[in-house]
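Asks: If you're matching them up, the sequences are chains A and B in order.
Just so we're aligned: the first sequence equals residues 234 to 842 in our numbering.
Just so we're aligned: the second sequence equals residues 26 to 95 in our numbering.
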Amino acid sequence: MDRFIVNIIHRPEMVPEYAVKVTGHGKAEDLGRKALLTESLDIFKTQQACAHKNGLKTTIQMTYASLFNDEAVALAKQHHEEFGDEIGLTLLGLPCEQFRQKYKTKDFCIWMFSMEDKKAIVRDVFEKFHDAFGFYPESTGSYYMDAELINFIKAEYPSVKCAVATCWEEGPKAYHTCNNSWYTFMDGGPWAPWIPSKANTHAPAANEAEDSGIVAIPHLSRDLLACYDGNGSNFGTHPQNVLRGMIYNTKTWEYPYLYNLIDQYRSLAKYNNGYAYNMMFVGPGWMNKMGRWEQPYELLLKSYEDGCAYYGKLKKEGKLVDMTMAEFADYYRETKHYTEPECALWRDILYGSDKQLFWYCDPYMRACVNMDQGGAIVDLRPYAAKLEWPVGIGTPHIQDASYPFLIQEKYRAGYFTHYAGEGTVRSAKVCYKGEEIDLCLCRTKAQFSQQGEDRILTLDPVELVFADGLKVRLQTIITFAEGSSSIRFDRKILSMSDPDAEITIKEYLVACYGTTEYTEDMSSLRLHIDEEELSYEYKCRELIREGAEEIDCVIPPIKTRVSMLANGRNKIGFVREGYAFSPMFTLGYERNLKETEVFTTWLNLERAD
Amino acid sequence: MAQSGKGRLNYRCPSCFLRDIDMDMFYDKDKDEYYCLRCQYRGNEADVLAKNELARFRYRAMYERFDFDV
């Protein structure tokens, strides 16, 4: 039987940032303002009441500020006793008078502090929690938790088994949405719970040796199509985020999108052995009495009540199980194994496009396949490298916690349509008599199936029509073999209008590396065809070899080697260096095919050192 | 002319919203209009609300309810 689990999390944040900055506009900052503290606690009480009224238990994540408030502590204890809520501890909500006086900084994102400060703050907050409750928490979190931070917490406080550890695709897009002022760069992570590796939070652990010891959950369950293209903070299981996106009827105050989002997540059980997950975590700043942006308080409140009511309805219907974070961590470890992938065949539920994406995540990669582009891979993160990427003050990446990409169609153009340059994508071109048709231009749909350890994406056949009248029916099948760190592509020529015709298929990968929209230095990259090497010097060179056994590119800055293999007769391998105006590299294989023949290629990822 | 402040609600600039930027506007009481600090948009409350409806053109399925069990 399918199991759809929800974690509902509330935090008594005594100083919500929105309340301080916006509703406090025109006033000198005063974090101890009594009205602010009272309102914050009232919002927390309201949120708790919304959940409990609908028969849902919550995880109360105490903030540092709330640990100084006797009423907040008493409430948490009372709700734990009465409703079975878990009392956890968040590393969000650090700002308060006590924190400012002690640490002499306005920084508030735990992953951006120096490691020395992270340790001091964690000890301070966890010990303060222990003083208040007499035990250490089992769950913690922030918007992002870097690997060094998680490793430290697990070593010092082994009771911790679950943490909110990333916000899915919150990176440059969120930064831009906030007029380039919101420094949460954490693209490239899993969208559903995972066990982080000790080396890099975003990259799931492949085995016990890599296991950080916690189960991570994402902050919110986000729309896997809308968030990738737009502002992540508009499209998640956060009712007020949906309002932020203006995805509601201003006259009736209805927002079916929120329920579609929850239901689509529920439907993901069919791709994940019967398991699906949701998370709702709304900070009190989103239910401010003064309203937020265009939305008056009454609408903010209604949306939260409606969100809880919908989860409550699903629970009553036996379609949902509410768990605390610690309960969920136990469940996750009992039911999932390390290399088990997370899969999502996702459809557009907002723009009316029928567009379909397939997301795949395991300890070796995160990949996105776009059926509107003939099954092209439009995002690829090489988790196989388990890239060490310390973040925070004193490291090379003070704010940038994103896992680097090889392909990112929004930051690196994707299938290329502009005047000059090139975009990152993994696709194929079908060639005949000097004409080339890229499968990126063949819109289709896909079905998911699972056979043993393989997750298989079978695309509906597409028809290619060449200028001289030749019609080719071609089918793409993409296979993700669990634990293989490899993606297999089969291109089948189902039929041709001229059965004697011979076409050429060019399988290619255009890639680079980066975490943002701007290019990185490619000078250290090395391309290979078998033993022959081409060092990247932006000289637009190419190597071609008939019968090449393997082609690859080594990318030292992200310790990644990406390679391709191909089957069959007459295969020709090629690698291309880019140039300054097109700072990419290309790997590819081409082969001639006749009717009913299949061209199989593999894309492999591994750590380079 | 006195300095600008916040209006009844904290409206965002509809023009910037269309390019995925949340830009809070300020309110000029003398002219009864909101204006954007980043771009050139300005308008009264009715105009802001009307332009916000324009921003919804891309959400063609926002009122649909989907069935995922089929």
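Where a beta carbon is used, it is the ideal one built from N, C-alpha and C, also for glycine.
How far does the alpha helix (DSSP H) with Asp723 (chain A) in it extend, from its first residue to its last?
Replies: The residue labelled residue 723 (chain A) in the question sits at position 490 within the first sequence. Run containing Asp723 (chain A): none in the alpha helix (DSSP H); it sits in the beta strand (DSSP E), Ser719 to Met729.
Asks: So Asn603 (chain A) is in the beta strand (DSSP E); what residue range does that whole segment cover?
Replies: Against the first sequence, residue 603 (chain A) aligns to sequence position 370. Here the beta strand (DSSP E) through Asn603 (chain A) covers Met598 to Asn603.
Asks: Excluding the 5 residues flanking Ala101 (chain B) on each side, which residues of the same chain have their C-beta closer than 8 Å to its C-beta?
Replies: Because residue 101 (chain B) is not part of the residues shown, which for chain B are 26 to 95, the question remains open.
Asks: Does any C-beta atom of chain B lie closer than 9 Å to the C-beta of Trp519 (chain A)?
Replies: Your numbering for residue 519 (chain A) matches position 286 in the first sequence. So, not an interface residue.
Asks: At a Cβ threshold of 9 Å, is Leu583 (chain A) touching chain B?
Replies: Numbered from its first residue, the first sequence carries residue 583 (chain A) at position 350. It does; some Cβ of chain B falls within 9 Å.
Asks: Specify, as a first and last residue, the run of the beta strand (DSSP E) that Ser768 (chain A) falls within.
Replies: Here residue 768 (chain A) refers to the residue found at position 535 of the first sequence. Residues Glu765 to Ser768.
Asks: Using a Cβ-Cβ cut-off of 6 Å (strictly less than) and excluding sequence neighbours within five positions of Asn77 (chain B), which residues of its own chain qualify?
Replies: Taking the first residue of the second sequence as position 1, residue 77 (chain B) is located at position 52. Result list for Asn77 (chain B): Pro39, in chain order.
Asks: Examine the Cβ distances between the stretch 655-671 of chain A and the stretch 691-705 of chain A and report whether three or more of them are shorter than 8 Å.
Replies: yes
Asks: Could you please give the first and the last residue of the uninterrupted alpha helix (DSSP H) stretch that includes Val358 (chain A)?
Replies: Here the question's residue 358 (chain A) lines up with position 125 in the first sequence. Where Val358 (chain A) is concerned, the enclosing alpha helix (DSSP H) stretches over Met348 to Phe366.
Asks: How would you write the range of the alpha helix (DSSP H) that Thr373 (chain A) sits in, first residue to last?
Replies: Numbered from 1 along the first sequence, position 140 holds the residue referred to as residue 373 (chain A). Thr373 (chain A) -> not in any alpha helix (DSSP H); beta strand (DSSP E) instead, spanning Ser372 to Gly374.
Asks: Where are the beta strand (DSSP E) runs, 3 residues long or more, that stay fully inside the stretch 421-493 of chain A, in chain order?
Replies: 448-451
Asks: Using the Cα positions of Glu753 (chain A) and Tyr771 (chain A), report the straight-line distance between them to the nearest angstrom.
Replies: Your numbering for residue 753 (chain A) matches position 520 in the first sequence. Your numbering for residue 771 (chain A) matches position 538 in the first sequence. Answer to the nearest angstrom: the Cα atoms are 12 Å apart.
Asks: Using a threshold of 9 Å, state whether the C-beta atoms of Leu820 (chain A) and Tyr746 (chain A) are closer than that.
Replies: Taking the first sequence and counting its residues from 1, the one referred to as residue 820 (chain A) is at position 587. Taking the first sequence and counting its residues from 1, the one referred to as residue 746 (chain A) is at position 513. Taking 9 Å as the Cβ cut-off, Leu820 (chain A) and Tyr746 (chain A) do not qualify as a contacting pair.
Asks: Are any of the Cβ atoms in chain B nearer than 9 Å to that of Arg236 (chain A)?
Replies: To locate residue 236 (chain A), count along the first sequence from 1; it is residue 3. No, no contact with chain B.
Asks: I need the boundaries of the alpha helix (DSSP H) containing Ile386 (chain A), first residue and last residue.
Replies: As a working note, residue 386 (chain A) is residue 153 in the first sequence. Per DSSP, Ile386 (chain A) belongs to the alpha helix (DSSP H) from Ala380 to Glu389.
Asks: Taking only beta-carbon atoms, is Gln589 (chain A) less than 9 Å away from chain B?
Replies: Stepping through the first sequence from its first residue, residue 589 (chain A) is reached at position 356. With 9 Å as the cut-off, Gln589 (chain A) does not count as an interface residue toward chain B.
Asks: Which class does His630 (chain A) belong to by DSSP, given the choice of helix, strand or coil?
Replies: Taking the first residue of the first sequence as position 1, residue 630 (chain A) is located at position 397. Here His630 (chain A) sits in strand by DSSP.
Asks: According to DSSP, Phe591 (chain A) sits in a beta bridge with which residue or residues?
Replies: As a first step, residue 591 (chain A) must be located in the first sequence, where it is residue number 358. DSSP, once it has assigned bridges, lists A:Leu578 and A:Val602 as partnering Phe591 (chain A).
Asks: Quick check on Met26 (chain B) - is its C-beta less than 9 Å from some C-beta in chain A?
Replies: Here residue 26 (chain B) refers to the residue found at position 1 when the second sequence is read from its first residue. Not a single CB atom of chain A sits nearer than 9 Å to the CB of Met26 (chain B).
Asks: On the CB-based measure, 16 or more other CB atoms within 10 Å of its CB, does His570 (chain A) come out buried or exposed?
Replies: As a first step, residue 570 (chain A) is located in the first sequence; it is residue number 337 there, counting from the start. Answer is exposed; the Cβ neighbour count stays below 16.
Asks: Mind checking which residues open and close the alpha helix (DSSP H) that includes Asn77 (chain B)?
Replies: The count along the second sequence starts at 1 and reaches residue 77 (chain B) at position 52. Annotation: the continuous alpha helix (DSSP H) that includes Asn77 (chain B) extends over Glu70 to Leu79.
Asks: Measure the C-alpha to C-alpha separation of Tyr769 (chain A) and Leu758 (chain A) and round it to an integer number of angstroms.
Replies: Translated into the one-based positions of the first sequence, residue 769 (chain A) becomes position 536. Translated into the one-based positions of the first sequence, residue 758 (chain A) becomes position 525. Using only the alpha carbons, I get a separation of about 5 Å.
Asks: Report the partner residues of Gln281 (chain A) according to the DSSP bridge assignment.
Replies: For the purposes of this step, residue 281 (chain A) is identified with residue 48 of the first sequence, where counting begins at 1. In the DSSP output, where bridge partners are listed per residue, Gln281 (chain A) has none listed.
Asks: Starting from Cys576 (chain A), find everything on chain B with Cβ-Cβ shorter than 8 Å and list it in chain order.
Replies: Your numbering for residue 576 (chain A) matches position 343 in the first sequence. Per Cβ cutoff of 8 Å: no residues; Cys576 (chain A) is ~15 Å from chain B at best.
Asks: Measuring CA to CA, which of A:Ile710, A:Thr737, A:Ile241 and A:Glu750 is closest to Phe514 (chain A)?
Replies: Taking the first sequence and counting its residues from 1, one reaches residue 514 (chain A) at position 281. The option with the nearest alpha carbon to Phe514 (chain A) is A:Ile241.
Asks: Is it the case that the Cβ atoms of Ala634 (chain A) and Tyr377 (chain A) are separated by a distance below 9 Å?
Replies: Indexing the first sequence from 1 puts residue 634 (chain A) at position 401. Indexing the first sequence from 1 puts residue 377 (chain A) at position 144. Yes, these two residues count as a Cβ contact at 9 Å.
Asks: If you draw a straight line from the alpha carbon of Thr834 (chain A) to that of Leu476 (chain A), how long is it in whole angstroms?
Replies: For the purposes of this step, residue 834 (chain A) is identified with residue 601 of the first sequence, where counting begins at 1. For the purposes of this step, residue 476 (chain A) is identified with residue 243 of the first sequence, where counting begins at 1. The alpha-carbon atoms of Thr834 (chain A) and Leu476 (chain A) are separated by roughly 45 Å.
Asks: Kindly list, in the order they appear in chain B, the residues whose Cβ is closer than 8 Å to that of Thr410 (chain A).
Replies: As a position in the first sequence, residue 410 (chain A) is number 177, starting the count at 1. Within chain B, the residues near Thr410 (chain A) are Asp45, Ile46 and Asp47.
Asks: Would you say Ser717 (chain A) faces chain B, with C-beta separation under 9 Å as the test?
Replies: For the purposes of this step, residue 717 (chain A) is identified with residue 484 of the first sequence, where counting begins at 1. By this cut-off, Ser717 (chain A) is not an interface position.
Asks: Beta-carbon of Tyr644 (chain A) versus every beta-carbon of chain B: anything under 9 Å?
Replies: By one-based count along the first sequence, residue 644 (chain A) stands at place 411. Chain B, which has no Cβ nearer than 9 Å to the Cβ of Tyr644 (chain A), makes this no.
Asks: List the residues of chain B whose Cβ lies closer than 8 Å to the Cβ of Gly516 (chain A), in chain order.
Replies: By one-based count along the first sequence, residue 516 (chain A) stands at place 283. Near Gly516 (chain A) there are no residues of chain B at all, since even the closest Cβ is about 16 Å away, more than 8 Å.
Asks: Helix, strand or coil, according to DSSP, for Ser815 (chain A) in the structure here?
Replies: Reading the first sequence from its first residue, position 582 is the one you call residue 815 (chain A). Strand, per DSSP.
Asks: Starting from the beta carbon of Tyr36 (chain B), find every residue of chain A whose beta carbon is closer than 9 Å, and list them in chain order.
Replies: Taking the second sequence and counting its residues from 1, the one referred to as residue 36 (chain B) is at position 11. In chain order: Trp526 and Glu527.
Asks: Check whether the Cβ atoms of Arg824 (chain A) and Lys804 (chain A) lie closer than 9 Å to each other.
Replies: If you number the first sequence from 1, residue 824 (chain A) lands on position 591. If you number the first sequence from 1, residue 804 (chain A) lands on position 571. In this structure, Lys804 (chain A) lies closer than 9 Å to Arg824 (chain A) by Cβ.
Asks: List, in order along the chain, the chain B residues whose C-beta lies closer than 9 Å to that of Arg356 (chain A)?
Replies: For the purposes of this step, residue 356 (chain A) is taken as the residue at position 123 of the first sequence. In chain order: nothing, as chain B lies at least about 36 Å away.
Asks: Quick one: grab the DSSP three-state call for Cys673 (chain A).
Replies: Within the first sequence, the letter at position 440 stands for residue 673 (chain A). If DSSP states are grouped into helix, strand and coil, Cys673 (chain A) belongs with the helices.
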